[in-house]
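In my numbering, the protein residues as written are 8 to 476.
Where is the CB? At the ideal position from N, CA and C, for every residue including glycine.
The next block holds one structure in the form of structure tokens; read it before the comments.
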RNA sequence: GUCCCCAUCGUCUAGAGGCCUAGGACACCAGCCUUUCACGUUGGUAACACGGGUUCGAAUCCCGUUGGGGACGCCA
């Protein structure tokens with residue numbers, strides 16, 4: 008039977024980076040086994056689910072290159088089926104009608120907590136005749152949890168990541184599978200959908216580990232085969248607490264905004280909890296070839312933005328120049344920086360040098376701005392301070408001589424070295440004032456590359472402007 | 001409170017009883033390279049939570065302690 012996995016987010020907000028990793032692992036596992044990777048939107052909570060969240064989840068997955076192999080399944084569209092299974096369980100005597108009110112249940116929980124007992128449903132309607140129900144109450148359907156004679160049974164799950172995990176039947180209570188309003192509960196809907204979608208491997212966050220035992224009860228009651236389960240550890244913030252906004256970016260699309268490349272984010276997420284020897288750079292194809300659930304760690308890991316940033320730099324340097332140029336120009340436009348066709352060409356021309364010096368697209372856009380615009384670049388204080396009277400005189404001199412210089416990068420470099428030698432100067436004494444004049448910054452790509460990319464007219468204009476300031 | 005899971009440098013990890021004087025990566029520090037910055041490169045600081053077993057031998061197996069996390073809804 009071919010492997011089928013699914014990612015099942017609930018559309019109550021943006022796609023969390025932890026969810027993105029769950030999706031990635033589901034994707035990689037399916038691809039590794041030549042199986043299918045599906046998406047199910049768990050929108051049975053009508054109060055909190057929004058179409059906007061659905062849209063954002065799809066966009067996030069698309070950006071990460073984790074789009075599903077089949078159209079997404081919307082859980083809300085399958086409520087009739089969920090109810091049908093619940094009624095079947097009822098008909099088979101594996102479930103029963105429970106007429107409790109929410110208030111009664113709350114009181115029951117409170118009482119149990121007060122007495123130091125675990126808050127579980129006591130099964131008061133399990134063997135009671137529905138005829139005894141108080142008038143006007145609509146019942147929920149509860150599943151009958153196993154109650155072995157000796158009271159010592161247990162449910163065993165052989166989790167592909169966590170290993171063998173067991174929970175005593177005594178820990179389980181009769182869970183609601185169909186609410187009194189006829190809608191399914193999450194635990195029930197998940198089981199029915201995973202079964203109907205022929206999911207073979209359920210890979211999800213380990214916050215679902217204890218839910219698994221409740222779900223197993225439903226599989227068993229229906230006589231369905233349980234899928235394999237793999238519960239992967241959660242991602243925490245740098246302080247070890249649950250990852251939240253105060254830790255920094257957590258939404259997948261926030262990473263895009265901040266200038267991270269999707270392939271870098273995926274690589275980072277993969278290495279968080281999964282490893283293959285000392286390999287750090289694991290592109291998609293390699294990840295598919297290597298991925299195995301047995302190599303997934305069992306401990307929660309912490310989000311490290313510094314390492315993500317480093318990885319992003321690695322991927323940035325490998326990325327295609329035109330792609331990066333497009334991204335950068337888009338960002339410049341968004342920041343209200345004016346540039347024309349020529350500016351775009353200059354950014355493209357300088358991209359090989361630019362990308363070696365940036366770790367994110369946002370940073371790249373910042374360092375590319377001087378090349379995109381027309382005229383003298385804005386100058387920071389540190390750069391302006393470099394424009395001493397001597398430096399300005401030097402620039403004026405350079406502007407004059409550059410008029411006749413050969414305009415090609417390697418030739419320019421030689422020309423600059425000759426110039427410095429003739430004038431008895433260190434190359435740095437020539438390059439730094441030039442850099443400041445041309446880029447408005449003390450840091451930039453090699454000055455010969457900058458000159459070549461700007462073109463003679465623009466370069467000389469900027470040098471003259473700085474000399475006359 | 002009850003149940004479940006987890007535990008190697010600050011962080012991510014390698015490690016399946018001897019290959020471990022514990023390896024790699026990020027971050028940090030110092031040097032080299034150099035027209036600035038970055039890249040690259042060389043070196044450095046830095047960890048098996050603790051206590052008991054098992055064994056000739058334990059980071060690796062077992063038990064306990066401590067610490068962290070998760071779950072206990074007519075939420076998902």
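Nearest-angstrom beta carbon gap, residue j and residue i [assumed within contact, 8 Å]
| i | j | result |
| --- | --- | --- |
| residue 25 | residue 16 | With a Cβ gap of about 10 Å, residue 25 and residue 16 do not count as contacting. |
| residue 22 | residue 90 | At roughly 29 Å, the Cβ-Cβ gap does not stay under 8 Å, so residue 22 and residue 90 are not in contact. |
| residue 554 | residue 206 | Examination of residue 554 is not possible in this model, given that the chain is present from 8 through 476 alone. |
| residue 94 | residue 228 | Not confirmed; about 13 Å, so no contact. |
| residue 166 | residue 237 | 6 Å |
| residue 335 | residue 294 | At roughly 27 Å, the Cβ-Cβ gap does not stay under 8 Å, so residue 335 and residue 294 are not in contact. |
| residue 271 | residue 331 | Incorrect: roughly 13 Å between the Cβ atoms, too far for contact. |
| residue 180 | residue 226 | Rounded, the Cβ-Cβ distance is 17 Å, inconsistent with contact. |
| residue 417 | residue 466 | The Cβ separation is near 16 Å, so there is no contact. |
| residue 38 | residue 13 | That pair is no contact at about 14 Å. |
| residue 168 | residue 239 | 6 Å |
| residue 263 | residue 70 | 6 Å |
| residue 190 | residue 86 | 6 Å |
| residue 443 | residue 393 | 5 Å |
| residue 212 | residue 29 | 6 Å |
| residue 59 | residue 82 | Contact flag wrong, Cβ pair sits at about 18 Å. |
| residue 289 | residue 220 | Not quite, the Cβ-Cβ distance comes to about 34 Å (not below 8 Å), so this is no contact. |
| residue 45 | residue 80 | 7 Å |
| residue 440 | residue 401 | 6 Å |
Residues bridged to residue i [DSSP beta-bridge criterion]
| i | result |
| --- | --- |
| residue 12 | 44 and 208 |
| residue 165 | 171 |
| residue 281 | 303 |
| residue 67 | None; residue 67 has no bridge partner. |
| residue 249 | 243 |
| residue 148 | 104 and 185 |
| residue 258 | 23 |
| residue 81 | 48 |
| residue 340 | DSSP lists no partner for residue 340. |
| residue 237 | 210 |
| residue 308 | 242 |
Limits of the unbroken alpha helix (DSSP H) element including residue i
| i | result |
| --- | --- |
| residue 461 | 454 to 461 |
| residue 6 | There is no way to answer for residue 6, as the model of the chain reaches only from 8 to 476. |
| residue 408 | 396 to 409 |
| residue 447 | Premise fails: residue 447 is in no alpha helix (DSSP H) and is neither H nor E. |
| residue 325 | 312 to 325 |
| residue 380 | Element bounds for residue 380: n/a, residue is neither H nor E. |
| residue 118 | 109 to 121 |
| residue 295 | 291 to 297 |
| residue 348 | 348 to 362 |
| residue 419 | 416 to 429 |
| residue 88 | 86 to 98 |
| residue 201 | 193 to 203 |
| residue 388 | 388 to 393 |
Cβ-based burial, residue i [other Cβ within 10 Å; buried from 16]
| i | result |
| --- | --- |
| residue 142 | exposed |
| residue 358 | buried |
| residue 154 | exposed |
| residue 139 | exposed |
| residue 136 | exposed |
| residue 313 | exposed |
| residue 107 | buried |
| residue 121 | exposed |
| residue 195 | buried |
| residue 67 | buried |
| residue 170 | exposed |
| residue 56 | buried |
| residue 222 | buried |
| residue 125 | exposed |
| residue 454 | buried |
| residue 451 | buried |
| residue 19 | exposed |
| residue 429 | exposed |
| residue 362 | buried |
| residue 72 | exposed |
| residue 366 | buried |
| residue 386 | buried |
| residue 43 | buried |
Where the beta strand (DSSP E) containing residue i begins and where it ends
| i | result |
| --- | --- |
| residue 103 | 102 to 105 |
Pairing CB atoms from the stretch 368 to 375 with CB atoms from the stretch 323 to 337, are three or more of them under 8 Å? Output reads yes: the stretch 323 to 337 touches the stretch 368 to 375.
At a cut of 8 Å, does the stretch 429 to 438 reach the stretch 457 to 470 through at least three beta carbon pairs? Touching, no, given that fewer than three Cβ pairs across the two stretches are closer than 8 Å.
Please determine if the stretch 245 to 255 and the stretch 299 to 313 are in contact, where contact requires at least 3 C-beta pairs separated by less than 8 Å. The stretch 299 to 313 and the stretch 245 to 255 touch, with three or more beta-carbon pairs separated by less than 8 Å.
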